[in-house]
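Number of protein chains: 2
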Amino acid sequence: MFYQIEKERICMTIYNFSAGPAVLPKPVLEIAQSEMLDYKGSGMSVMELSHRSSLFEAIIQDAESLLRELMAIPDNYKVLFLQGGASLQFSMVPLNLAQGKKALYVNTGSWSKKAISAAKALENIEVEVIASSEEQNFTSIPELPETVDQKAAYVHITTNNTIEGTAYAKIPSYGDVPVVADMSSNILANDYKVEDFGVIYAGAQKNIGPAGLTVAIVREDLLNQEAVFAPMLDYALQAKNNSLYNTPPTYAIYIAKLVFEWVKEQGGVAGITAKDREKAQLLYDAIEKSNLFKSPVEKASRSLTNIPFVTGDEALDKAFNQAALVEGFENLTGHRSVGGMRASLYNAFPLEGVEALIAFMEKFEQENGGN
Amino acid sequence: MFYQIEKERICMTIYNFSAGPAVLPKPVLEIAQSEMLDYKGSGMSVMELSHRSSLFEAIIQDAESLLRELMAIPDNYKVLFLQGGASLQFSMVPLNLAQGKKALYVNTGSWSKKAISAAKALENIEVEVIASSEEQNFTSIPELPETVDQKAAYVHITTNNTIEGTAYAKIPSYGDVPVVADMSSNILANDYKVEDFGVIYAGAQKNIGPAGLTVAIVREDLLNQEAVFAPMLDYALQAKNNSLYNTPPTYAIYIAKLVFEWVKEQGGVAGITAKDREKAQLLYDAIEKSNLFKSPVEKASRSLTNIPFVTGDEALDKAFNQAALVEGFENLTGHRSVGGMRASLYNAFPLEGVEALIAFMEKFEQENGGN
Numbered sequence: 000m001f002y003q004i005e006k007e008r009i010c011m012t013i014y015n016f017s018a019g020p021a022v023l024p025k026p027v028l029e030i031a032q033s034e035m036l037d038y039k040g041s042g043m044s045v046m047e048l049s050h051r052s053s054l055f056e057a058i059i060q061d062a063e064s065l066l067r068e069l070m071a072i073p074d075n076y077k078v079l080f081l082q083g084g085a086s087l088q089f090s091m092v093p094l095n096l097a098q099g100k101k102a103l104y105v106n107t108g109s110w111s112k113k114a115i116s117a118a119k120a121l122e123n124i125e126v127e128v129i130a131s132s133e134e135q136n137f138t139s140i141p142e143l144p145e146t147v148d149q150k151a152a153y154v155h156i157t158t159n160n161t162i163e164g165t166a167y168a169k170i171p172s173y174g175d176v177p178v179v180a181d182m183s184s185n186i187l188a189n190d191y192k193v194e195d196f197g198v199i200y201a202g203a204q205k206n207i208g209p210a211g212l213t214v215a216i217v218r219e220d221l222l223n224q225e226a227v228f229a230p231m232l233d234y235a236l237q238a239k240n241n242s243l244y245n246t247p248p249t250y251a252i253y254i255a256k257l258v259f260e261w262v263k264e265q266g267g268v269a270g271i272t273a274k275d276r277e278k279a280q281l282l283y284d285a286i287e288k289s290n291l292f293k294s295p296v297e298k299a300s301r302s303l304t305n306i307p308f309v310t311g312d313e314a315l316d317k318a319f320n321q322a323a324l325v326e327g328f329e330n331l332t333g334h335r336s337v338g339g340m341r342a343s344l345y346n347a348f349p350l351e352g353v354e355a356l357i358a359f360m361e362k363f364e365q366e367n368g369g370n
Numbered sequence: 000m001f002y003q004i005e006k007e008r009i010c011m012t013i014y015n016f017s018a019g020p021a022v023l024p025k026p027v028l029e030i031a032q033s034e035m036l037d038y039k040g041s042g043m044s045v046m047e048l049s050h051r052s053s054l055f056e057a058i059i060q061d062a063e064s065l066l067r068e069l070m071a072i073p074d075n076y077k078v079l080f081l082q083g084g085a086s087l088q089f090s091m092v093p094l095n096l097a098q099g100k101k102a103l104y105v106n107t108g109s110w111s112k113k114a115i116s117a118a119k120a121l122e123n124i125e126v127e128v129i130a131s132s133e134e135q136n137f138t139s140i141p142e143l144p145e146t147v148d149q150k151a152a153y154v155h156i157t158t159n160n161t162i163e164g165t166a167y168a169k170i171p172s173y174g175d176v177p178v179v180a181d182m183s184s185n186i187l188a189n190d191y192k193v194e195d196f197g198v199i200y201a202g203a204q205k206n207i208g209p210a211g212l213t214v215a216i217v218r219e220d221l222l223n224q225e226a227v228f229a230p231m232l233d234y235a236l237q238a239k240n241n242s243l244y245n246t247p248p249t250y251a252i253y254i255a256k257l258v259f260e261w262v263k264e265q266g267g268v269a270g271i272t273a274k275d276r277e278k279a280q281l282l283y284d285a286i287e288k289s290n291l292f293k294s295p296v297e298k299a300s301r302s303l304t305n306i307p308f309v310t311g312d313e314a315l316d317k318a319f320n321q322a323a324l325v326e327g328f329e330n331l332t333g334h335r336s337v338g339g340m341r342a343s344l345y346n347a348f349p350l351e352g353v354e355a356l357i358a359f360m361e362k363f364e365q366e367n368g369g370n
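Residue numbers (numbering that gives the first Met the number 0), protein chains in the order written: chain A, 0 to 370; chain B, 0 to 370.
So this is what it looks like as structure tokens:
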């Protein structure tokens, strides 16, 4: 089976539209490849370095300072390199910030729902959904209340909804109540300001690096005063130990550092976001122009990074996805809960891939009754 | 600074005695290097594969079946690929197995103490230490009681004590009370039988692969019936989802699969353990023969994988460690809590490295008043 794929694919360019784990910058993979057996003349792979070694300490410190620079993270925020993905943050955020308090959530899709459900599973925390676009099938970011209960621990939002293809154009502000954001699918691909958030967290496997690393950015005054019952889930303890309370995912942190260096070379977040806008605009324009394909998402809520589109005919969607795969467009099939197609255009996804997809969409439309 | 190191070290063989993250088999790193930009003709790195793709599904399934074969894991055990290290298991084990019950612990060193302290931090669980070698400075595995309270949820042991250099020669048996083991530092390097345990867990970064992956082997009847309050900490939920409840650490699982294939090529666990015994015996013999170096550990409790030794003179230990580093012996310094030296001889550590260390120890002894 593999051999057949290999044979057919020799010399074919592959474009990987995966929603995550996702495409990584080729120069990053090339550096990782060249250093695999010998990191900086140490005679060791980064995977073999003790997490207490000076070589690894330099890696994790560089990763942190690069991320601080890229996101302009103020000094009163801690940067934590953790494990367990956004899914573990769904429990850690309320455990650290909302014991005995009320926690407010905005429901914008599948991942918001998981965050809400994880918070509701905890005793001693009252969960309230203050806005939802569920009745609109999550095709937009809902209108948010102007004000919220000032005794609440936080307002939780999902800045970009990977499955539904929506994103916040503007971050709400609620006085003393901090905004906590799952930014997994548009971190380093937006013009938000860190100071508008109390906590930002993101699984790495979209715009940062390999799966198995989670970044959390926590405003210092929100660090828990009392210990959380499980040391690994305790923000304050992790912060006190500079993410080295136990052995962190060292290789994933190394790849993240390389990705941060690459983003910096692309002109930082401003530079890369300009490219993201160009890629997204090209595809949205092609969809708008098309008589076959359409976006299910309201214009004002459209994501730059995850772009779903449909023909409105399931059989035709399936035919498109099958034909696309043959042409080397990988992972274009929409999430099973939405159907159709989805192009995830993270930072490392090349412009040529978008152009190739659009050309393929036009060809498919001509051959399949578009007019 | 780096360049100086590089220049001095050109053509020098490096032996990495790190206690973890630790040396990996060179053939594994070579395969990872060759496949870094293109896994099996897919045009993608393993890091870029969706965890729902057929290519990654084959990787995780192969990893599981190889581990089942290597450890002869019976069918009534689940194999879970998790995150958070042994440190997160210290909380997960009692949360999943001991709610409203008594949990029994054997205290054999630093990591046992962390496990005990994490269990004690939980409400609703009564923790009892049934044996300890703390008064002997953890230089042996203590004598264990013949029987335990049959209402207890489990007896927790640390099969190999990475810092203190002790290991269980024999696994105790307590009727209906299962033995739960932190096997982080001697998994795949022992002749234990999985059926003698209720739960086995291990951080990957010693004998399995890169940091950031944790393997848990759980007997099915011990899977929690009631949900644990945080989905990511719930064994039953992880088992139901075949470790794909959320995005697992895909690249670490891929490296683990390559390591498992390598162990199989070495004659499986029996083959690799024979080599481990040979390496350890060589070093223990050299220590016994020496008039300068001695082992702080009782003979019957000595570990195959972590071998501390001391001169009894802190200044001389320091001089040895400094001289060793210059010769390319990396990470030989003992843990700060024990001092002296420690050679971690995990599966991938080569016999030649042990021979080179012994030759260096003999030379150092001649030059430093051994007689």
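Quick reminder that beta carbons are idealized off the backbone N, C-alpha and C, glycines included.
DSSP three-state assignment for residue i, whether helix, strand or coil
i, result
"B:Val-258", "helix"
"A:Ser-90", "helix"
"A:Glu-7", "Residue placement at A:Glu-7 is poorly supported in this model, since its pLDDT is 49, which falls under 50; the coordinates still yield a value, given next. If DSSP states are grouped into helix, strand and coil, A:Glu-7 belongs with the helices."
"B:Leu-79", "strand"
"A:Glu-125", "strand"
"B:Asp-181", "strand"
"B:Thr-12", "coil"
"B:Asn-160", "strand"
"B:Glu-34", "coil"
"B:Phe-328", "strand"
"B:Lys-100", "coil"
"B:Ile-306", "strand"
"B:Lys-150", "coil"
"B:Arg-335", "coil"
"B:Asn-95", "helix"
"B:Tyr-173", "strand"
Given residue i as reference, the closest of the options once Cα atoms are compared
i, options, result
"A:Asp-37", "B:Glu-47, B:Val-22, B:Lys-39", "B:Val-22"
"A:Val-296", "A:Val-179, A:Glu-264, A:Tyr-173, A:Tyr-283", "A:Tyr-283"
"A:Asn-15", "A:Phe-363, A:Ala-355, A:Leu-243", "A:Ala-355"
"A:Asn-240", "A:Ile-13, A:Phe-228, A:Phe-80, A:Ala-57", "A:Phe-80"
"B:Leu-96", "B:Ile-129, B:Ala-226, B:Asp-148", "B:Ala-226"
"B:Asp-190", "B:Lys-288, B:Asn-223, B:Lys-169", "B:Lys-169"
"A:Val-309", "A:Lys-278, A:Gly-338, A:Gly-368", "A:Gly-338"
"B:Asp-233", "B:Lys-263, B:Met-91, B:Leu-87", "B:Met-91"
"A:Ser-336", "A:Phe-89, A:Trp-110, A:Asp-148, A:Ala-210", "A:Trp-110"
"B:Val-178", "B:Phe-259, B:Leu-221, B:Lys-274", "B:Leu-221"
"A:Pro-247", "B:Val-128, B:Leu-87, B:Glu-142, B:Met-46", "B:Leu-87"
"A:Leu-446", "A:Ile-58, A:Leu-121, A:Gly-352", "Because chain A in this structure spans residues 0 to 370, residue 446 of chain A falls outside the shown range and cannot be described."
"B:Val-217", "B:Pro-230, B:Met-231, B:Gly-202, B:Ala-235", "B:Ala-235"
"B:Ala-238", "B:Tyr-76, B:Glu-313, B:Ala-31", "B:Tyr-76"
"B:Ser-184", "B:Asp-175, B:Gly-164, B:Glu-194", "B:Gly-164"
"B:Gly-311", "B:Ala-322, B:Lys-298, B:Gln-321, B:Ser-294", "B:Ser-294"
"A:Leu-187", "A:Arg-67, A:Val-128, A:Glu-361, A:Ala-285", "A:Arg-67"
"A:Thr-138", "A:Met-231, A:Leu-344, A:Ile-306, A:Gly-40", "A:Ile-306"
"A:Glu-366", "A:Asn-290, A:Leu-344, A:Val-105", "A:Asn-290"
Rounded separation between residue i and residue j - CA only
i, j, result
"A:Val-78", "A:Phe-196", "13 Å"
"B:Leu-103", "B:Pro-144", "11 Å"
"B:Val-268", "B:Ile-207", "12 Å"
"B:Val-147", "B:Tyr-173", "7 Å"
"B:Gly-42", "B:His-155", "46 Å"
"B:Met-11", "A:Ser-52", "19 Å"
"A:Phe-348", "A:Gly-333", "17 Å"
"A:Glu-125", "A:Tyr-153", "11 Å"
"A:Gly-99", "A:Lys-119", "13 Å"
"A:Lys-112", "B:Leu-324", "53 Å"
"A:Glu-142", "A:Ala-130", "7 Å"
"B:Leu-331", "B:Arg-341", "5 Å"
The region 56-74 of chain A / the region 252-270 of chain A touching (three or more Cβ pairs under 8 Å)
Touching, yes, given that three or more Cβ pairs across the two stretches are closer than 8 Å.
Write down every uninterrupted run of the beta strand (DSSP E) in the region 186-244 of chain B whose length is 3 residues or greater and which is fully enclosed by it, in chain order.
Those beta strand (DSSP E) runs which fall completely within the region 186-244 of chain B and span 3+ residues are 198-202, 213-218.
For the region 302-321 of chain B and the region 158-167 of chain B, state whether three or more C-beta atom pairs, one from each stretch, are separated by less than 8 Å.
Taking a contact to require three or more Cβ pairs closer than 8 Å, the region 302-321 of chain B and the region 158-167 of chain B qualify as touching.
Runs of 4 residues minimum, wholly inside the region 19-68 of chain A: which ones carry the alpha helix (DSSP H) assignment?
List check, alpha helix (DSSP H) in window: 25-34.
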